[in-house]
Amino acid sequence: MAERNEGSENTKQSRRKSRSILTIADGVLRGTAAPTQVLSVAGSDGQQSQRHVRLVTDLCLRVGESMLATGASAADVVAMVLRLSAAYGVDGMHVDITFTSITVSVHRGMNEDPMSVMRIVQVRTTDYTRLQNVYLLIEEIIEGGGQLGVEQARQRLTAILTSPHPYRRWVVTLGKAILTGGVVVLFDVGLVLVFVAAVSAVISDLITRQLGKWSVPGFFAQMTAAVATTSIAVSLFWLRSVGIEVPGSDAPTVIVIAGIVMLLSGLGLTSAARDAIDGYYVTATARGMEVFMLTLGLAVGISAVLGIALRVGIPVDISTPLGDGIGLVSGVAGAALIGCGFALTSYVRLRLVPLMAAATAAVMAVFLLVSPYVDQPGLAPGIAAVAAGVIGHLTYRWLKVPEGATTTAAIIGLIPGLAVYRALYVLVDSSTGVLEALPAAVDALATGIGLAAGTAIGVFLARRIFGLDRQAMIAARRARGVR
Numbered sequence: 154m155a156e157r158n159e160g161s162e163n164t165k166q167s168r169r170k171s172r173s174i175l176t177i178a179d180g181v182l183r184g185t186a187a188p189t190q191v192l193s194v195a196g197s198d199g200q201q202s203q204r205h206v207r208l209v210t211d212l213c214l215r216v217g218e219s220m221l222a223t224g225a226s227a228a229d230v231v232a233m234v235l236r237l238s239a240a241y242g243v244d245g246m247h248v249d250i251t252f253t254s255i256t257v258s259v260h261r262g263m264n265e266d267p268m269s270v271m272r273i274v275q276v277r278t279t280d281y282t283r284l285q286n287v288y289l290l291i292e293e294i295i296e297g298g299g300q301l302g303v304e305q306a307r308q309r310l311t312a313i314l315t316s317p318h319p320y321r322r323w324v325v326t327l328g329k330a331i332l333t334g335g336v337v338v339l340f341d342v343g344l345v346l347v348f349v350a351a352v353s354a355v356i357s358d359l360i361t362r363q364l365g366k367w368s369v370p371g372f373f374a375q376m377t378a379a380v381a382t383t384s385i386a387v388s389l390f391w392l393r394s395v396g397i398e399v400p401g402s403d404a405p406t407v408i409v410i411a412g413i414v415m416l417l418s419g420l421g422l423t424s425a426a427r428d429a430i431d432g433y434y435v436t437a438t439a440r441g442m443e444v445f446m447l448t449l450g451l452a453v454g455i456s457a458v459l460g461i462a463l464r465v466g467i468p469v470d471i472s473t474p475l476g477d478g479i480g481l482v483s484g485v486a487g488a489a490l491i492g493c494g495f496a497l498t499s500y501v502r503l504r505l506v507p508l509m510a511a512a513t514a515a516v517m518a519v520f521l522l523v524s525p526y527v528d529q530p531g532l533a534p535g536i537a538a539v540a541a542g543v544i545g546h547l548t549y550r551w552l553k554v555p556e557g558a559t560t561t562a563a564i565i566g567l568i569p570g571l572a573v574y575r576a577l578y579v580l581v582d583s584s585t586g587v588l589e590a591l592p593a594a595v596d597a598l599a600t601g602i603g604l605a606a607g608t609a610i611g612v613f614l615a616r617r618i619f620g621l622d623r624q625a626m627i628a629a630r631r632a633r634g635v636r
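Note that this note's numbering has the sequence shown beginning at 154, numbered continuously upward.
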């Protein structure tokens, strides 16, 4: 009997050991926490009235539309809309963006009907003062915990969106002239070319503005402006060929390069890259196609003029005085002018124009200091663009200046105008132009990708270092894979 009891006791102990081993193994292998990315979460049973939810939804739609219209990234729009709805106590909101439209859906639990509203973004413009005012209004609502009434917030938003520009249209034209003049200063050429480039910018602006009033598509507006700018440069080449030397005009090519930078400065390349990295692929594809078509219009206009000039015997060439390098002093000074000009063209508050100039000069200095140690195409601009992304986020965090305004201004001086011109020149000047133009085209493309990726990385690093709020994290989840 004793032996039987002892045997049963040994059996129980062995079972306990096996169970403990299985428990340890199960704890090592089995997941116990919630999934990294929740596939679907039902909305809460909100107690807000239907009218309140409708008012909040309409306000969120108008805010999202205004941000999309002025070039904000999809993730920023989603984060702002979610922060705004949370401030007014509306949970379970979902936001979907497709570049030209924004859809807001509110799931109100099992006892109330869901609500979905879509709004079309009919106008896309650049007015960072208006966008900054929208940011300030949202921050006031959030910091006040939604104490500002929804109807009152809607009235203030309407007043912001219908308010006049901070300065007259001729100041924008002056800004474009300053921007192109800054590009000429980058290459340290004569003051005569600075003046000629500024005049060409004014002519291009008048052309594009008039074509816009006639509702001409952007492709043809870009092409026409490029034709005008390139024709001015070709005219200087023709004057030299007939023995008329304009003092200080030994590098007419820089006028075309300045025109390329000016016409490309407003494109949403950085926003497209941000959307792609954040996982908003539909919006990123649409933005990217818009950039491609407008750039193609620019290329067609320049190629047409260069092709005609070369066929009639005008000795157009890539001026050797430009070289491949930019001096530190001329580069920083030119970049400051470029930042100042872009700020004026984008309706940035006048008191913030020096900030934009300083940001552009700082990023150009980073580029010039890094370039001698980096040979890969696009890498040096990408490193400088990381600094631009960090500066852009910090200025938004501290001064509520729109992130896209500072970031875009900071990288404009790095737009590959010279590489684009070289590729187009070789393309129309040689029977094997496609193959010979490939290196310059790859350099221009690599620079563009480097700028876009660098700004996205800089913003991402700055946000991680200085923290993200809950709504911004929700907006960024689309870029994550399921874990």
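Don't be surprised by glycine CBs; every beta carbon is placed ideally from N, CA and C.
Next on the checklist: Just to confirm the assignment, what range does the beta strand (DSSP E) spanning Val-257 have?
Outcome noted: 254 to 259
Item to check | Proximity winner among Val-506, Tyr-433, Ala-605, Val-482, relative to Ile-255 (alpha-carbon distances) | outcome: Looking from the CA of Ile-255, the closest CA among Val-506, Tyr-433, Ala-605, Val-482 belongs to Tyr-433.
Next on the checklist: For the region 599 to 615 against the region 533 to 549, do three or more pairs of beta-carbon atoms, one drawn from each stretch, fall closer than 8 angstroms, so that the two count as touching?
Outcome noted: yes
Item to check | Helix, strand or coil at His-247 [DSSP, three-state] | outcome: strand
Next on the checklist: Run through the DSSP bridge pairs and tell me what Ile-273 is partnered with.
Outcome noted: According to DSSP, residue pairing for Ile-273 in a beta bridge involves Ser-254.
Checklist entry - Excluding the five sequence neighbours on either side, which residues of its own chain have a C-beta within less than 6 angstroms of the C-beta of Ala-374, listed in chain order? => result Thr-361, Leu-364
Item to check | Test item: CB-CB of Gly-450 and Phe-372 under 8 angstroms | outcome: A contact, by the Cβ cut-off of 8 angstroms.
Checklist entry - Taking the Cβ atom as the reference point for each residue, do Ala-240 and Gly-298 lie within a distance shorter than 8 angstroms? => result Yes, these two residues count as a Cβ contact at 8 angstroms.
Item to check | Where the alpha helix (DSSP H) through His-205 begins and ends | outcome: 203 to 222
Checklist entry - Assuming Val-231 and Val-248 make a contact with CB atoms under 8 angstroms, what is their CB distance in whole Å? => result Confirmed, Cβ separation roughly 5 angstroms.
Next on the checklist: For Ala-594 and Ala-572, I'd like the C-alpha separation in whole angstroms.
Outcome noted: Answer to the nearest angstrom: the Cα atoms are 7 angstroms apart.
Checklist entry - Skipping 5 residues on each side, what residues in its chain have a beta carbon closer than 7 angstroms to that of Arg-277? => result Ala-222
Next on the checklist: Just verifying my parser: in three-state terms, what is the DSSP assignment at Phe-619?
Outcome noted: In the three-state reduction of the DSSP assignment, Phe-619 falls in the helix class, which pools H, G and I.
Item to check | Nearest residue (CA-CA) to Phe-390, options Asp-470, Phe-348, Phe-340, Val-324 | outcome: Asp-470
Next on the checklist: Applying the 10 Å Cβ sphere with the 16-neighbour rule, what's the burial state of Gln-203?
Outcome noted: exposed
Item to check | Proximity to Leu-327 [Cα-Cα], best of Pro-317, Ala-351, Gly-557 | outcome: Ala-351
Checklist entry - Smallest Cα separation from Val-409: which of Met-376, Thr-438, Gly-545, Ser-394? => result Met-376
Item to check | Whole-angstrom distance between Val-324 and Arg-616, CA atom to CA atom | outcome: Roughly 34 angstroms separates the two Cα atoms.
Item to check | One or two residues paired with Met-268 in a DSSP bridge | outcome: Val-259
Checklist entry - By a C-beta neighbour count over all protein chains shown, 10 Å radius and 16 as the cutoff for buried, is Pro-317 buried or exposed? => result Residue environment for Pro-317: exposed (fewer than 16 other C-beta atoms within 10 angstroms of its C-beta).
Checklist entry - From His-205, Phe-495, Glu-292, Val-270, pick the residue whose C-alpha is nearest to that of Ser-258; which is it? => result Among His-205, Phe-495, Glu-292, Val-270, the Cα nearest to that of Ser-258 is on Val-270.
Checklist entry - How would you label Leu-192, buried or exposed, when you count the other beta carbons within 10 angstroms and need 16 or more for buried? => result With a pLDDT of only 47 at Leu-192, under the threshold of 50, the placement of this residue in the model should not be trusted; the figure read from the coordinates follows. Exposed, since its Cβ has fewer than 16 Cβ neighbours within 10 Å.
Checklist entry - Using the C-alpha atoms, what's the distance from Val-458 back to Val-380? => result 6 angstroms
Checklist entry - Is it buried or exposed for Lys-329, if we count other Cβ within 10 angstroms and need 16 for buried? => result buried
Checklist entry - For Gln-300, does the three-state DSSP call read helix, strand or coil? => result Under the three-state reduction of DSSP output, Gln-300 falls in the coil class, being neither helix nor strand.
Next on the checklist: Quick check for students: name the residue ranges of the alpha helix (DSSP H) that lie wholly in the region 435 to 520, counting only runs of 4 or more.
Outcome noted: 481 to 498
Checklist entry - Quick one, are the C-beta atoms of Thr-548 and Thr-561 less than 8 angstroms apart? => result no
Item to check | Neighbour flag for Pro-468 against chain D, beta carbons, 8 angstroms | outcome: In the structure shown, chain D does not exist; there is a single protein chain.
Checklist entry - Leu-463 to Thr-406, Cα distance in whole Å? => result Straight-line Cα distance between these residues: approximately 14 angstroms.
Item to check | Backbone secondary structure at Lys-553 - three-state DSSP | outcome: coil
Checklist entry - Once you ignore the five residues that flank Ala-514 on each side, which residues in its own chain have a CB closer than 6 angstroms to its CB? => result Residues Val-485, Ala-488, Ala-489 of the same chain have their beta carbon placed closer than 6 angstroms to that of Ala-514, with the five preceding and five following residues left out of the count.
Next on the checklist: Which residue wins for smallest C-alpha separation from Val-234, given the options Cys-213, Asp-244, Thr-251?
Outcome noted: Cys-213
Checklist entry - Can you tell me where the alpha helix (DSSP H) with Ala-411 in it begins and where it stops? => result 406 to 417
Item to check | Any alpha helix (DSSP H) of 4 or more consecutive residues that is wholly inside the region 305 to 367 | outcome: Runs of the alpha helix (DSSP H) inside the region 305 to 367: 322 to 339, 344 to 366.
Checklist entry - When DSSP labels each residue in this structure, what does Thr-278 get in the three-state scheme? => result coil
Next on the checklist: Classify Ile-291: buried if its beta carbon has 16 or more other beta carbons within 10 angstroms, exposed otherwise.
Outcome noted: buried
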